[in-house]
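S.K.:
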Amino acid sequence: MIVTLWLIITVTFLLMHAVPGSPFEKDGKNANPTAVQNLMEFYHLDQPVAKQYLIYLKSLLSLDLGPSIGHFPDTVNSMISRGFPVSFQLGIVSLLISIVAGIALGTVAALRQNRMIDYMAMIFAVIGIAVPNFIVATLLIKYVAVEWKLLPVATWGSWKHVILPALALSTGPLAIIARLTRASMLEVLTADYIETARAKGLSPTTIVIKHALRNAVLPVVTLLGALVSNVLTGSFVIEKIFAIPGMGKYFVDGINNRDYSLIMGTTVFYSALLVIMMFLVDIAYGLIDPRIKLHRKEG
Amino acid sequence: MNVPDTLFVPMSKNKGTAEAIVRIRLSFWQEAWLRLRANKLAMAGLIVIILMALLAICGPLLTDQSYSKQVLLDANHKPSALHWFGTDDLGRDVYARILYGARISLFIGLMAALIDLVIGIIYGGVAGYFGGRIDNIMMRFVDLLYGIPYLLIVILLMVVMGPGLLTIIVALSATGWIGMARIVRGQVLSLKSSEYVLAARTLGGGAGYIIRKHLLPNAIGVIIVQVTFSVPSAIFAEAFLSFLGLGIQPPLASWGVMANDGLSTILSGQWWRLFYPAFFISITMLAFNLVGDGLQDAFNPKRRR
Amino acid sequence: MKTTTTNASDVILEVNNLHVTFTTHGGEVKAVRGVSFTLAKGETLAIVGESGCGKSVTARSMTRLLPEHTSKISQGSIRFKGKELTKLSEKQLRELRGSEISMIFQDAMTALNPTISIGEQIMEGIIRHQRISRAEARKQAIDMLGLVGITSPEMRLKQYLHEFSGGMRQRMMIAIAAVCKPSVLIADEPTTALDVTIQAQILELFNMLQKKTGVSIILITHDLGVVANAADRVNVMYAGKVVESATVDELFRNPQHPYTKGLLASMPRLDTDKSLPLTPIAGTPPDLFAPPQGCAFAARCSHAMEVCGAFQPEQTAVSSSHSVACWLQDPRAKLVFQPPSKSSIMTAQG
């Protein structure tokens, strides 16, 4: 886990320094050489690469992601602390939608297998996976916001602003979760213990919710780590389209401006976030499936 | 019941069909093809893919417009008899650009998937075949890479190498092979120790025979499915990159780039600039996904999806 | 087509001419083709047969546990304590399941939910059928666990399936089935997945339960040893029909149907000559998509006659408690072959 993080940091660092051209050039013109020299010193860019690497690692340990190059005097830390809560909100809402709606849809489809609802749900799911979320986003904007004027077009502010972007961001994961839940539920429903539950005279609702669902969502939990990753990268584009001042926007800006420290900083932050998420998912998995807990105890 | 006495004689045993064979057995591939044929959605997807391929190959023949000629006077015209899909802000014919874009988008998708396939098979095959420590090391490495968000690395690579057709393909393949490698390795490992391989070896089958008749048919199914899913994944990634401004450079255009250009126009009402590329992207990805699903079901009927 | 019973007033379950069909892609499978039997209070009836003979389907159709859309009881009646079960609605059947008629399945490892505690799985049955508090249910659960021979039951309640051994898991399943004190317990191959020593313990447990609560047991198995040990009466099934029905004693001492004789002869015994090969029954059971017109066993029977291929044999009574469905019982058959020997050592390859 930590190794993955370190690997990401190192790779990103190397990539950043492999890019030709200095960040202080704009269209090939150099600014005042003394100014450039000062800037280079300030950003440690005059040091050999290896040393810069060590300096960076050191500052990381004190959780300092360094100053931004393009947005001086902003530091990366402050930019992240501005942008993160927004992105976090967006991400959580969208994940919740995906998970709840996805599981519900998949379960209903499995219970009414091969009937109209199942068919439609699965078509919907395939479309959700196939149609990129930015296209969904633009469609939503065009119709819901512009034509029908139901919700605001863009930017951030009230709870209303969260709906469209969260919806757009959730379609991919929702579709994946729905399909997975359906397949998993279908398998679980043929399990012997479901037959036992029926033989005990339990009602169908109890059987589905209490016995089947718990086992059927296990594969979904396993997938959660990847889904979070998905939502994260999806958020870059969604934030751009909806002009939401979240981390994604800063990241994309940094890329376009070749703001190395910003790119590094956000990458590191994202990666750390993902690593923590994977860890939490592991824990969640252990909570749901008692068999896993035992293995952990046994080391 | 009135049963004639005459029937109480021993039965002539040629009537005995104690172990008659009921149904004709088809080969694995024939059965899979039949199952695929029966899947209407998958067949629809297959037809769409073939159509797209035809569009891409015959593209220039289907229009007399150029994809790069700018006629600024004709900028932003709605679809008409002359310009079937309208024109963009530089007066270029959208229809022609879609056709050329098909080539680019599909080319990227296929190349990336192919490279993933080759690297993945080699890497996964080696790891699975040798097992033990080699497998361990190789897989630890892959696991580490797997934890890294793939698009993140793609973006970074694009930043470093600068946008362009070649770099996109390199960036996409550099991260996509991991999925294929894992699958191939998994297959090789499980097949290596499966009972029918053991049985075949016990019966004297050599390595070549086993690989041909047992390992390949079972592994290929999964591999084909994976390739079918890699293509839309690559197309999506390319479109995604374009949206971030890291895509192909003009005058070349992929559907992703066209969609990005068209994005800013929804509010100004030039729907055709976004609609057509978005439509083609979506439908191509949809088609590949449907075919991939269909193949999955066809190769593994036990999986009642 | 009824078999005679010991005492009509003791009968709690009466199955008459049951037909069960499955609809599949390949067509209709006639899994059960006219099965009739009775079950008296406190008795253990074994249903024996090879895989695919319809014994499990018969058992599950008692409380209509078969999949709704693909299976149906096309004919016949099932009377339980006077009620006609085939006419009950799903809701009404749910009242019966687990409380009056309970089932035990073959493999406790897959038949119990791995993600819910054992205590919960026992208690939910109690709470479903009796209006009592959780605390009361808990107490009953603990008592039941103690009854089936689980030590420290309070602790066990919170544990999960994977924390138990095979024998204990089977006891759990029995506890879950028996906790509401049902009148009928249907056990589908309860010992097949267990070691021989555990098998003996489980059979002993059944015995004890029966003595204590008077429950009637239907024991489905393919193991004649289990039948000899645990059953009062036996029904031998083949290709969806009951071919022979008798008390355990009668079946082992005086088997009549060639299939029964074949089964008995194929069992390895301690006193057989070890240098001789075992005698299996040649051939395989018929395809139930298109069952044969006559006796389904004819193709494999060394005593088959023309009539066997043309007509279904009728049930003939050998004694008040022993009946056989075989044309060899017809007086006219006695002239065709040597009369069937009363010894159980005779092989089917006569």
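Residue numbers (the numbering used here), protein chains in the order written: chain X, 41 to 339; chain Z, 11 to 315; chain C, 3 to 352.
Backbone N, C-alpha and C define an ideal beta-carbon position, used for all residues, glycine too.
Can you look up X/Gly-68 in the DSSP assignment and give me helix, strand or coil?
M.R.: As a working note, residue 68 of chain X is residue 28 in the first sequence. Residue placement at X/Gly-68 is poorly supported in this model, since its pLDDT is 45, which falls under 50; the coordinates are not used for a value here.
S.K.: Along chain Z, in chain order, which residues have C-beta atoms closer than 7 Å to that of C/Gln-308?
M.R.: Here residue 308 of chain C is taken as the residue at index 306 of the third sequence, counted from 1. Here the sequence assigns Glu to residue 308 of chain C, which means Gln is not the residue at that position. Ordered by position in chain Z, the residues that pass the 7 Å Cβ test against C/Glu-308 are Leu-17, Val-19, Met-21.
S.K.: Sorted by chain position, which residues of the same chain lie with C-beta nearer than 6 Å to C/Ile-347's C-beta, five sequence neighbours on each side aside?
M.R.: For the purposes of this step, residue 347 of chain C is identified with residue 345 of the third sequence, where counting begins at 1. Caution applies to C/Ile-347, whose pLDDT of 46 falls short of 50 and renders its modelled position unreliable; the model cannot decide the point.
S.K.: Does the beta carbon of Z/Ile-57 sit closer than 8 Å to a beta carbon anywhere in chain X?
M.R.: Working through the second sequence from its first residue, we reach residue 57 of chain Z at position 47. Chain X contact via Cβ: absent.
S.K.: Tell me whether the beta-carbon of C/Ala-113 lies closer than 8 Å to the beta-carbon of X/Thr-236.
M.R.: Walking along the third sequence from the start, residue 113 of chain C turns up at place 111. Walking along the first sequence from the start, residue 236 of chain X turns up at place 196. Yes; because the gap between Cβ atoms is below 8 Å, this pair is in contact.
S.K.: Verify whether the separation of the beta carbon atoms of Z/Ala-112 and Z/Leu-182 is less than 8 Å.
M.R.: Translated into the one-based positions of the second sequence, residue 112 of chain Z becomes position 102. Translated into the one-based positions of the second sequence, residue 182 of chain Z becomes position 172. No. Outside cutoff.
S.K.: Compute the Euclidean distance between the alpha carbons of C/Gly-176 and C/Val-217, then round it to the nearest angstrom.
M.R.: Numbered from 1 along the third sequence, position 174 holds the residue referred to as residue 176 of chain C. Numbered from 1 along the third sequence, position 215 holds the residue referred to as residue 217 of chain C. Here residue 176 of chain C turns out to be Ile, not Gly, going by the sequence shown. About 13 Å.
S.K.: Could you tell me whether the Cβ of Z/Pro-70 comes closer than 8 Å to any Cβ of chain X?
M.R.: Position 60 of the second sequence, counted from the first residue, corresponds to residue 70 of chain Z. Answer no: the Cβ-Cβ gap between Z/Pro-70 and chain X never drops below 8 Å.
S.K.: Using DSSP's beta-bridge definition, name the partner residues of C/Arg-81.
M.R.: On the third sequence, residue 81 of chain C is found 79 positions in, with the first residue counted as 1. According to DSSP, C/Arg-81 bridges with C/Glu-16, C/Glu-86.
S.K.: Distance, Cα to Cα, C/Gly-29 vs X/Asn-154?
M.R.: Taking the third sequence and counting its residues from 1, one reaches residue 29 of chain C at position 27. Taking the first sequence and counting its residues from 1, one reaches residue 154 of chain X at position 114. If you draw a straight line from the Cα of C/Gly-29 to the Cα of X/Asn-154, it is about 19 Å long.
S.K.: C/Ile-200 and C/Gly-168: beta carbons closer than 8 Å?
M.R.: Start at 1 with the first residue of the third sequence, and residue 200 of chain C comes out as number 198. Start at 1 with the first residue of the third sequence, and residue 168 of chain C comes out as number 166. Yes, the pair counts as a contact, with Cβ atoms nearer than the cut-off.
S.K.: If we ignore side chains and look at the alpha-carbon of each, how far apart do C/Val-236 and C/Ala-248 end up?
M.R.: In the third sequence, the residue the question calls residue 236 of chain C occupies position 234. In the third sequence, the residue the question calls residue 248 of chain C occupies position 246. Approximately 5 Å, taken between the alpha carbons.
S.K.: Mind checking if Z/Leu-273 is an interface residue toward chain X, Cβ cutoff 8 Å exclusive?
M.R.: Here residue 273 of chain Z refers to the residue found at position 263 when the second sequence is read from its first residue. Interface residue, yes.
S.K.: For a cutoff of 8 Å on Cβ pairs, would you count C/Leu-264 as touching chain Z?
M.R.: Counting from 1 along the third sequence, the entry for residue 264 of chain C is found at position 262. According to the sequence shown, residue 264 of chain C is Gly rather than Leu. No, no contact with chain Z.
S.K.: Are any of the Cβ atoms in chain A nearer than 8 Å to that of C/His-224?
M.R.: Among the protein chains in the structure shown, which are X, Z and C, there is no chain A.
S.K.: Check whether the region 126-134 of chain X touches the region 194-210 of chain X, counting contact only when three or more Cβ pairs, one atom from each stretch, lie closer than 8 Å.
M.R.: yes
S.K.: List the residues of chain X whose Cβ lies closer than 8 Å to the Cβ of C/Glu-126, in chain order.
M.R.: Start at 1 with the first residue of the third sequence, and residue 126 of chain C comes out as number 124. Neighbours of C/Glu-126 on chain X, chain order: Lys-240, Leu-242, Thr-246, Lys-250.
S.K.: Quick check: the Cα distance between X/Gly-326 and C/Lys-85, rounded to an integer number of angstroms?
M.R.: The residue labelled residue 326 of chain X in the question sits at position 286 within the first sequence. The residue labelled residue 85 of chain C in the question sits at position 83 within the third sequence. Looking at the two C-alpha atoms, the distance is approximately 47 Å.
S.K.: Consider the Cβ of X/Arg-254: report whether some Cβ of chain Z lies at a distance smaller than 8 Å.
M.R.: Here residue 254 of chain X refers to the residue found at position 214 of the first sequence. No, X/Arg-254 lies away from the interface with chain Z (no Cβ there is under 8 Å from its Cβ).
S.K.: In terms of DSSP beta bridges, what is C/Asp-190 paired with?
M.R.: Translated into positions along the third sequence, residue 190 of chain C becomes position 188. For C/Asp-190, which the question treats as bridged, DSSP gives the partners C/Ile-222.
S.K.: Looking at the secondary structure, which residues open and close the alpha helix (DSSP H) in which Z/Lys-202 lies?
M.R.: Within the second sequence, residue 202 of chain Z is the residue found at index 192, counting from 1. Z/Lys-202 -> alpha helix (DSSP H) spans 175-202.
S.K.: Classify C/Leu-47 as helix, strand or coil using the three-state DSSP reduction.
M.R.: Translated into the one-based positions of the third sequence, residue 47 of chain C becomes position 45. Strand.
S.K.: In chain C, what lies closer than 7 Å to Z/Val-13 by C-beta?
M.R.: Numbered from its first residue, the second sequence carries residue 13 of chain Z at position 3. Neighbours of Z/Val-13 on chain C, chain order: Val-309, Phe-313.
S.K.: Answer yes or no: does any C-beta atom of chain C fall closer than 8 Å to that of Z/Ile-31?
M.R.: To locate residue 31 of chain Z, count along the second sequence from 1; it is residue 21. Its pLDDT being 47, under 50, Z/Ile-31 is placed unreliably in this model, and the value from its coordinates should be taken loosely. Cβ-Cβ to chain C under 8 Å: no for Z/Ile-31.
S.K.: Considering only the beta carbon of each residue, do X/Val-260 and X/Leu-151 sit closer than 8 Å?
M.R.: If you number the first sequence from 1, residue 260 of chain X lands on position 220. If you number the first sequence from 1, residue 151 of chain X lands on position 111. Taking 8 Å as the cut-off, the beta carbon of X/Val-260 is found no closer than this to the beta carbon of X/Leu-151.
S.K.: Measuring only between beta-carbons, confirm whether X/Thr-178 sits less than 8 Å from chain Z.
M.R.: Here the question's residue 178 of chain X lines up with position 138 in the first sequence. Closer than 8 Å to some Cβ of chain Z, the Cβ of X/Thr-178 qualifies, so yes.
S.K.: Take Z/Ile-114 and list the residues in its own chain whose beta-carbon comes closer than 6 Å to its own, dropping the five residues that flank it on each side.
M.R.: Reading the second sequence from its first residue, position 104 is the one you call residue 114 of chain Z. Correct list, in chain order: Ser-264.
S.K.: Whole-angstrom Cβ separation of C/Cys-297 and C/Gln-317, contact assumed at under 8 Å?
M.R.: In the third sequence, the residue the question calls residue 297 of chain C occupies position 295. In the third sequence, the residue the question calls residue 317 of chain C occupies position 315. Contact doesn't hold; Cβ gap of about 12 Å is too wide.
S.K.: Leaving out five residues on either side along the sequence, give the residues of the same chain with a beta carbon under 6 Å from the beta carbon of X/Ser-210.
M.R.: By 1-based counting over the first sequence, the position of residue 210 of chain X is 170. Cβ neighbours of X/Ser-210 beyond the five flanking positions: Ser-134, Ile-137, Ser-138.
S.K.: When DSSP labels each residue in this structure, what does C/Thr-349 get in the three-state scheme?
M.R.: Position 347 of the third sequence holds residue 349 of chain C. Any reading at C/Thr-349 must be qualified, since the residue scores a pLDDT of 49, below 50, and its modelled position is unreliable; the value itself is stated next. C/Thr-349 falls in the coil class under three-state DSSP.
S.K.: Which residues share a DSSP beta bridge with Z/Thr-97?
M.R.: On the second sequence, residue 97 of chain Z is found 87 positions in, with the first residue counted as 1. DSSP, once it has assigned bridges, lists Z/Asp-103 as partnering Z/Thr-97.
S.K.: In or out: Z/Leu-213 buried (at least 16 other Cβ within 10 Å) or exposed?
M.R.: Here residue 213 of chain Z refers to the residue found at position 203 when the second sequence is read from its first residue. With fewer than 16 Cβ atoms within 10 Å of its Cβ, Z/Leu-213 is classed as exposed.
S.K.: If you measure between the beta carbons of C/Thr-226 and C/Val-50, is that distance less than 8 Å?
M.R.: Counting from one through the third sequence, the residue named residue 226 of chain C turns up at place 224. Counting from one through the third sequence, the residue named residue 50 of chain C turns up at place 48. The sequence shown places Leu at residue 226 of chain C, rather than the Thr named in the question. Yes, the pair counts as a contact, with Cβ atoms nearer than the cut-off.
S.K.: Taking the beta strand (DSSP E) that C/Ile-103 falls in, what are its first and last residues?
M.R.: By one-based count along the third sequence, residue 103 of chain C stands at place 101. Start and end: 103-106.
S.K.: Helix or strand or just coil, what does DSSP make of C/His-21?
M.R.: The residue given as residue 21 of chain C occupies position 19 in the third sequence. Three-state result, C/His-21: strand.
S.K.: Counting only beta-carbon separations shorter than 8 Å, does C/Arg-35 have a partner in chain Z?
M.R.: Here residue 35 of chain C refers to the residue found at position 33 of the third sequence. Chain Z, which has no Cβ nearer than 8 Å to the Cβ of C/Arg-35, makes this no.
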